[in-house]
Amino acid sequence: MHGSKAANALTPVMSADEVNAFLKVVYPQLNEDFAAYYTTEVFPGGCTVRLDADNRHLRGEPRHCLRASGGAFSSKTRRR
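In this text, residue positions in the sequence shown follow this note's numbering: the first is 3, and each later residue adds one.
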(Lines of atoms letter the chains of each structure in order from A and count residues from 1; the text may use other names and numbers.)
(Lines give C-alpha, C1' and ligand atoms only; values in the text may rest on other atoms or scores of the structure.)
Protein backbone atom coordinates (compact mmCIF):
# COMPACT_ATOMS: atom_id res chain seq x y z
CA MET A 1 0.00 0.00 0.00
CA HIS A 2 3.05 2.22 -0.11
CA GLY A 3 2.06 3.38 -3.59
CA SER A 4 -1.54 4.48 -3.01
CA LYS A 5 -2.49 7.96 -4.14
CA ALA A 6 -3.69 9.04 -0.67
CA ALA A 7 -0.52 7.75 1.04
CA ASN A 8 1.71 9.59 -1.42
CA ALA A 9 -0.04 12.88 -0.51
CA LEU A 10 1.31 12.51 3.05
CA THR A 11 4.87 13.36 4.06
CA PRO A 12 6.50 11.78 7.13
CA VAL A 13 7.65 14.30 9.74
CA MET A 14 9.50 11.80 11.95
CA SER A 15 12.22 9.26 11.18
CA ALA A 16 12.12 5.69 12.50
CA ASP A 17 14.54 6.67 15.30
CA GLU A 18 12.34 9.63 16.24
CA VAL A 19 9.23 7.40 16.35
CA ASN A 20 11.10 4.97 18.62
CA ALA A 21 12.14 7.82 20.94
CA PHE A 22 8.54 9.11 20.99
CA LEU A 23 7.17 5.66 21.87
CA LYS A 24 9.73 5.34 24.67
CA VAL A 25 8.44 8.57 26.25
CA VAL A 26 4.70 8.05 25.66
CA TYR A 27 4.58 4.26 26.31
CA PRO A 28 7.50 3.47 28.66
CA GLN A 29 5.92 0.12 29.61
CA LEU A 30 6.14 -1.05 25.99
CA ASN A 31 9.87 -1.74 26.10
CA GLU A 32 10.75 -1.81 29.81
CA ASP A 33 13.40 -4.55 29.79
CA PHE A 34 14.54 -4.41 26.17
CA ALA A 35 13.35 -3.05 22.84
CA ALA A 36 10.88 -5.73 21.72
CA TYR A 37 8.78 -3.29 19.66
CA TYR A 38 10.55 -0.88 17.36
CA THR A 39 9.94 1.07 14.17
CA THR A 40 12.06 -0.06 11.25
CA GLU A 41 10.69 2.10 8.43
CA VAL A 42 8.63 5.26 8.00
CA PHE A 43 6.97 5.98 4.67
CA PRO A 44 4.20 8.26 3.39
CA GLY A 45 0.99 7.22 5.16
CA GLY A 46 2.45 4.71 7.62
CA CYS A 47 5.33 2.87 9.20
CA THR A 48 6.57 -0.65 9.85
CA VAL A 49 6.89 -1.75 13.48
CA ARG A 50 8.69 -4.97 14.36
CA LEU A 51 8.12 -7.23 17.36
CA ASP A 52 11.04 -9.40 18.45
CA ALA A 53 8.91 -11.83 20.48
CA ASP A 54 10.24 -13.95 23.31
CA ASN A 55 8.76 -15.96 26.20
CA ARG A 56 7.17 -12.93 27.83
CA HIS A 57 4.93 -12.57 24.77
CA LEU A 58 3.59 -16.11 25.09
CA ARG A 59 0.67 -16.95 27.34
CA GLY A 60 -0.05 -20.15 29.17
CA GLU A 61 -3.49 -21.45 30.14
CA PRO A 62 -6.04 -19.94 30.13
CA ARG A 63 -5.75 -18.21 26.78
CA HIS A 64 -7.05 -14.65 26.66
CA CYS A 65 -8.60 -13.50 23.42
CA LEU A 66 -9.93 -10.18 22.23
CA ARG A 67 -13.22 -10.54 20.44
CA ALA A 68 -14.85 -7.83 18.38
CA SER A 69 -18.53 -7.29 19.09
CA GLY A 70 -20.46 -4.40 17.60
CA GLY A 71 -17.35 -2.33 17.06
CA ALA A 72 -16.08 -2.85 20.63
CA PHE A 73 -13.47 -5.27 21.92
CA SER A 74 -13.97 -7.41 24.99
CA SER A 75 -11.59 -9.78 26.71
CA LYS A 76 -12.74 -13.39 26.84
CA THR A 77 -11.05 -16.36 28.43
CA ARG A 78 -10.73 -19.49 26.31
CA ARG A 79 -9.66 -22.86 27.59
CA ARG A 80 -8.12 -25.48 25.32
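Heads up, the beta-carbon is just placed ideally off N, CA and C, and yes, glycines get one too.
I'd like the span of the beta strand (DSSP E) that includes F24, first residue to last. For the purposes of this step, residue 24 is taken as the residue at position 22 of the sequence shown. The continuous stretches of beta strand (DSSP E) do not include F24, which lies in the alpha helix (DSSP H) extending over residues 18 to 28.
Can you tell me the Cα-Cα spacing of G47 and T13, whole angstroms? Your numbering for residue 47 matches position 45 in the sequence shown. Your numbering for residue 13 matches position 11 in the sequence shown. Spanning the two alpha carbons is a distance of roughly 7 Å.
Report back the beta-carbon spacing between E43 and A11 to the nearest angstrom; my notes put them in contact at under 8 Å. Translated into the one-based positions of the sequence shown, residue 43 becomes position 41. Translated into the one-based positions of the sequence shown, residue 11 becomes position 9. 19 Å between Cβ atoms; not a contact.
Y39 versus R52, A23, E20, residue with shortest Cα-Cα distance: Stepping through the sequence shown from its first residue, residue 39 is reached at position 37. It is R52 whose Cα lies nearest to the Cα of Y39.
In its own chain, which residues sit with a C-beta less than 7 Å from the C-beta of D54, not counting the 5 before and 5 after it? In the sequence shown, residue 54 corresponds to position 52, counting from 1. Hits under 7 Å: A38.
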